[in-house]
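These notes are about the structure you will find just below.
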Amino acid sequence: MKSRQHLPLLGALMSLVPVTIDAYLPALPMLEQDFGSTTTFIQYSVMACLLGSATGQLFVGSISDSYGRRPTLFWGLSLFTLASLACAWAPSISIFLALRFLQGVTSSVGTVMSRAVVRDLLDGNSAARAYSALMIIMGVAPIVSPIIGSTLLGFASWRSIFYFLAFFGLILISLVLITLPETLPKERRIPTNRAAKREARNLVFRDPLFRMSVLASAFVNGTLLVYLSTSTFALQRAFNISPQLFSILFAANSVGIIAAGQSNRRLLLNYGPATMLRFGCAWGAFWGLLLAIYSHTNQPRLWISVALLLLTMSTIGFAFANCIALATHHHAARAGTAAGYFGASQTFLGALFAAGANAVSATFTGMAYELFIPMAIAAIVIIPFLPRYAPTFVRAANS
1 MKSRQHLPLL GALMSLVPVT IDAYLPALPM LEQDFGSTTT FIQYSVMACL
51 LGSATGQLFV GSISDSYGRR PTLFWGLSLF TLASLACAWA PSISIFLALR
101 FLQGVTSSVG TVMSRAVVRD LLDGNSAARA YSALMIIMGV APIVSPIIGS
151 TLLGFASWRS IFYFLAFFGL ILISLVLITL PETLPKERRI PTNRAAKREA
201 RNLVFRDPLF RMSVLASAFV NGTLLVYLST STFALQRAFN ISPQLFSILF
251 AANSVGIIAA GQSNRRLLLN YGPATMLRFG CAWGAFWGLL LAIYSHTNQP
301 RLWISVALLL LTMSTIGFAF ANCIALATHH HAARAGTAAG YFGASQTFLG
351 ALFAAGANAV SATFTGMAYE LFIPMAIAAI VIIPFLPRYA PTFVRAANS
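So for the sequence shown, the UniProt record's numbering puts the first residue at 1; every next one is plus one.
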């Protein structure tokens with residue numbers, strides 16, 4: 001089976017969570033007015049979806065290791081479609097929050113299954129290059145999704161966005177059924193009894209390479225979540241820029257991450273994912289340190305600050321794909337379980353750090369340090385210790 005032809009679909013599946021979150025961000029003020037609720041409660045709907053996604057990843061991967069990838073995708077996407085319709089029909093903010101959590105749980109099937117399918121088919125550098133391709137595709141979601149949401153709001157209510165998400169779910173179901181074969185044959189599946197699943201979970205968490213990859217990914221993800229949650233206030237207050245200019249700068253950082261992901265994919269032809277992960281963490285810490293230092297100048301200039309921010313955030317493109325490849329490297333027999341626990345741990349730990357950082361400061365200087373510190377911790381952990389556990393594979397196969 002040729003894996004390359006399935007990358008667009010797998011990338012769309014991996015984009016399900018960011019599309020679900022980003023598409024309705026332009027509608028938040030409209031939801032506040034429609035439900036007669038506070039801004040805080042409306043913002044909780046974003047966190048509800050994110051926490052739902054992390055929760056779903058705890059069990060979706062294990063289920064797929066026992067029942068196969070296609071059945072898990074079919075039922076997960078079907079429930080996602082129903083949850084999206086239910087969100088569109090929500091009569092109150094409390095019910096809407098519960099449904100957003102459910103929508104997040106069901107959307108996690110796209111994240112976990114896309115990673116598991118890649119590991120079913122590929123390993124080594126080939127898997128890392130495939131994950132880079134998926135990250136590039138997923139990187140388009142934060143740029144396109146708000147545009148789709150804003151366009152729908154131009155002629156319809158916020159509920160139309162959730163009708164769109166339900167339609168997106170139906171498209172994914174159709175593509176999975178028509179184009180994606182089962183990648184986990186029955187003879188490789190894990191029995192459904194508790195002992196077998198407990199053994200698979202224990203094997204994953206006893207792997208030092210898995211634990212180190214999760215830790216690095218969690219801090220990098222914390223950097224990303226801090227940026228997403230604080231950059232709006234920090235940049236607009238520090239430099240008095242318009243929302244429109246901020247949107248352009250936000251998109252530029254997304255493009256930077258995509259470009260780094262493409263560079264990572266090319267460099268993986270000659271260097272292993274462990275080397276590229278150390279490279280990304282080192283440069284992320286370096287640019288983050290320069291950003292933190294520059295933020296202390298009397299009158300920091302916007303474009304220098306934006307350039308340093310862009311360089312810092314772009315290094316994320318060298319991190320996530322390699323973290324996934326390393327975390328699942330020893331777990332071909334339990335790829336779904338490893339992918340699921342990797343994603344859940346990454347999200348929970350990253351969100352925990354971001355929540356703590358948000359409580360400290362939303363100033364430009366505060367944001368700069370909140371971006372630098374997790375990158376520095378990731379570099380301190382990864383650069384000296386990763387070579388002890390990471391395989392030295394280079395060009396294992398072409399994908």
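Glycine residues also receive a C-beta, built at the ideal position from the N, C-alpha and C atoms.
Since the model is a prediction, treat every value here as computed from it, not as a measurement.
Out of the options, point me to the one whose CA is closest to residue i's CA.
i: residue 294; options: 376, 141, 128, 305; result: 305
i: residue 25; options: 186, 4, 147, 290; result: 147
i: residue 386; options: 43, 274, 215; result: 274
i: residue 346; options: 271, 258, 224, 300; result: 224
i: residue 228; options: 34, 272, 247; result: 247
i: residue 105; options: 164, 36, 21; result: 21
i: residue 44; options: 93, 68, 55, 34; result: 93
i: residue 11; options: 189, 303, 321; result: 321
i: residue 91; options: 122, 37, 166, 363; result: 37
i: residue 53; options: 311, 278, 98, 133; result: 98
i: residue 207; options: 315, 388, 260; result: 388
i: residue 307; options: 291, 316, 156; result: 291
i: residue 277; options: 49, 34, 212; result: 212
i: residue 313; options: 70, 64, 260, 100; result: 260
i: residue 80; options: 151, 58, 164; result: 164
Is it buried or exposed, residue i, if we count other Cβ atoms within 10 angstroms and call 16 or more buried?
i: residue 39; result: exposed
i: residue 398; result: Residue placement at residue 398 cannot be trusted, given a pLDDT of 41 that sits under 50; what the coordinates show is reported in the next sentence. Residue 398 comes out exposed.
i: residue 158; result: buried
i: residue 42; result: buried
i: residue 126; result: buried
i: residue 6; result: buried
i: residue 370; result: buried
i: residue 380; result: exposed
i: residue 356; result: exposed
i: residue 194; result: exposed
i: residue 382; result: buried
i: residue 1; result: Because residue 1 carries a pLDDT of 44, less than 50, the predicted location of this residue cannot be relied on, and the following value inherits that uncertainty. With fewer than 16 Cβ atoms within 10 Å of its Cβ, residue 1 is classed as exposed.
i: residue 169; result: buried
i: residue 154; result: exposed
i: residue 197; result: buried
i: residue 299; result: exposed
i: residue 374; result: buried
i: residue 103; result: buried
i: residue 33; result: exposed
i: residue 4; result: exposed
i: residue 133; result: buried
i: residue 13; result: buried
i: residue 50; result: buried
i: residue 237; result: exposed
i: residue 156; result: exposed
i: residue 242; result: exposed
i: residue 384; result: exposed
For residue i versus residue j, is the C-beta spacing smaller than 7 Å?
i: residue 173; j: residue 16; result: no
i: residue 325; j: residue 128; result: yes
i: residue 112; j: residue 61; result: yes
i: residue 262; j: residue 136; result: yes
i: residue 331; j: residue 176; result: no
i: residue 264; j: residue 318; result: yes
i: residue 85; j: residue 166; result: yes
i: residue 310; j: residue 253; result: yes
i: residue 188; j: residue 66; result: no
i: residue 118; j: residue 130; result: yes
i: residue 68; j: residue 184; result: yes
i: residue 288; j: residue 372; result: yes
i: residue 47; j: residue 230; result: no
i: residue 390; j: residue 285; result: no
i: residue 23; j: residue 107; result: no
i: residue 328; j: residue 280; result: no
i: residue 27; j: residue 161; result: yes
i: residue 336; j: residue 64; result: yes
i: residue 334; j: residue 200; result: yes
i: residue 214; j: residue 59; result: no
The alpha helix (DSSP H) with residue i in it runs from where to where?
i: residue 75; result: 69 to 88
i: residue 278; result: 273 to 294
i: residue 140; result: From DSSP, residue 140 is part of no alpha helix (DSSP H); its letter is neither H nor E.
i: residue 325; result: 320 to 327
i: residue 106; result: 93 to 121
i: residue 400; result: No answer is possible for residue 400: it lies beyond the span of the chain, which begins at 1 and ends at 399.
i: residue 388; result: 364 to 389
i: residue 9; result: 7 to 14
i: residue 28; result: 28 to 35
Considering only residues of the segment 142 to 218, which uninterrupted alpha helix (DSSP H) runs meet the minimum length of 4 residues and lie entirely inside it, listed in chain order? 159 to 179, 194 to 205
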